[in-house]
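*Asks:* This is the structure I want to talk about, given as structure tokens.
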Amino acid sequence: MPVALSKREAEIAAFLAAHGLSAAMREPLAGDASARRYERIHKPDGGTLILVDTPVPAEDLVPFIAIGSELAAIGLSVPTILASDVERGLAIQDDFGSETFTRLLADGADPWPLYELATDALIAIHRDWPVDVAERLALPVYDPALFLAQTGLFIDAYVPVALGRPASDKERSEFETAWRAVLEPACAGTPSLLLRDYHVDNVMRLPRPGVSAAGLIDFQSAGWGPQAYDLVSLLEDARRDVAPDLAEAMVARYLDAFPATDAAAFRRAMAVLGAARHTRIVAIFVRLAVSQGRRSYLVHLPRVWRLLETQLAKPELGPVAAWFDRHLPSDSRAALAVPETP
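Anchor point for the sequence shown: position 226 equals 226 in UniProt numbering, and the numbering is continuous, going up by one each time.
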């Protein structure tokens, strides 16, 4: 007796059939912390495509398609959308293959040329991205208020686990005041496209020349914000260690491309935005473990805390560091952490 398809599976089957892919074999691909899913579609002729399954209304395909078009227009490599049903959150795109930087590094590839390529792709975006696109595409603005809201997840998701009680109104207010004081100057520089999740999981190596060899994926949450954010996202990775000399060389490489940039202010912005990102990620990993039982993310907590504490030691993070020392001393920061695997 045939098994009844779920509503979502029926929608996917109809979408694939409408584009001549009803006979294709579907291969689920490993996901991340989002609700979005990917499948590799194996066509009868041996070719492959990627199915993007984006929950509606949790996420929207429209920004992904629009941003991808603009990135392609300035010479960056992004997946070509071959078919889409934005109302149902489904798309078919070309297949960049499996050579993510993460896989290449795990297989022993030299990290230097990979990080140089990823840094050069950022340079190209920040140099060539049209300034009118943010308004034209109605991109979200990553300003102090938005970063403050994101760091607030730490108060809601991490503090109750670490302290065994919700944060008090006073603790929450002091947390917000401290972050507001450091985020304002960090966001004062020249804005550009902010990819938001720019790290080695989301960059692929392609057999193409120049910066087009970097295949960019998973940028649907992009917005308009500080240029320093994506570079610190790349170099202070929650899931893998990046050698300090490599990270420093990439910062220097980036700054060399923008000689008019105030290098000291840029580095201060990297510290603050990196700390804000790490604070949010700590909270996300704990929330995933507590609410969804996805404890595999906890293996990364010690690394993220190290990255965060390195930034908290810098003078530009003084108000935030004082809050952590007062309300979450170091022995409270290991809640739910598990040993890192070798």
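Using N, Cα and C, we set each Cβ at its ideal position, and we do this for glycine too. As the structure is a prediction and not an experimental result, all values here were calculated from the model.
Excluding the five sequence neighbours on either side, which residues of its own chain have a C-beta within less than 6 angstroms of the C-beta of Phe101, listed in chain order?
*Replies:* These residues qualify, in order along the chain: Leu114, Val200 and Val203.
*Asks:* Is the stretch 239-252 close to the stretch 162-182, with three or more CB pairs under 8 angstroms?
*Replies:* Flag = no, the stretch 239-252 and the stretch 162-182 do not touch.
*Asks:* Between the stretch 300-307 and the stretch 222-242, do three or more beta carbon pairs fall short of 8 angstroms?
*Replies:* Yes: the two stretches touch, three or more of their Cβ pairs being nearer than 8 angstroms.
*Asks:* If I follow the unbroken beta strand (DSSP E) through Glu27, where does it start and stop?
*Replies:* Per DSSP, Glu27 belongs to the beta strand (DSSP E) from Met25 to Pro28.
*Asks:* For Asp218, collect the residues of the same chain with a Cβ closer than 7 angstroms to its Cβ; drop the 5 residues on either side in sequence, then sort them by chain order.
*Replies:* Closer than 7 angstroms at the Cβ level, and outside the excluded window around Asp218, lie Asp197 and Asn202.
*Asks:* Take Ser192 as the anchor and find which of Glu184, Pro140 and Leu183 has the nearest alpha-carbon.
*Replies:* When only C-alpha atoms are compared, the closest one is Pro140.
*Asks:* Expressed to the nearest angstrom, what Euclidean distance is found between the alpha-carbon atoms of Phe147 and Glu184?
*Replies:* Answer to the nearest angstrom: the Cα atoms are 10 angstroms apart.
*Asks:* Could you pull out every residue in the same chain whose Cβ sits closer than 7 angstroms to the Cβ of Leu255, ignoring the five residues on either side in sequence?
*Replies:* Once the five neighbours on either side are set aside, the close Cβ partners of Leu255 are Thr261, Ala263 and Phe266.
*Asks:* Taking only three categories from DSSP, how would you classify Asp53?
*Replies:* Strand at Asp53.
*Asks:* On the DSSP letters alone, give me the boundaries of the beta strand (DSSP E) that Ser192 sits inside.
*Replies:* Unbroken beta strand (DSSP E) run through Ser192: Pro191 to Leu194.
*Asks:* Quick check on Lys230: buried or exposed, where buried means 16 or more other Cβ atoms within 10 Å of its Cβ?
*Replies:* Per the sequence shown, the amino acid found at residue 230 is Asp instead of Lys. Label assigned to Asp230: buried.
*Asks:* Could you round the C-beta distance between Ala322 and Ala91 to whole angstroms and report it? I think they count as a contact, below 8 angstroms.
*Replies:* Not confirmed; about 46 angstroms, so no contact.
*Asks:* Tell me, to the nearest whole angstrom, how far the beta carbon of Val56 is from that of Tyr158; I am working on the premise that it is less than 8 angstroms.
*Replies:* Wrong, their Cβ atoms sit about 29 angstroms apart, outside the cutoff.
*Asks:* Between the Cα of Glu39 and the Cα atoms of Ile50, Asp45 and Gly274, which residue gives the shortest distance?
*Replies:* Comparing Cα-Cα distances from Glu39 to each of Ile50, Asp45 and Gly274, the minimum goes to Ile50.
*Asks:* My output table needs one value for Arg303: the three-state DSSP class, helix, strand or coil.
*Replies:* Helix, per DSSP.
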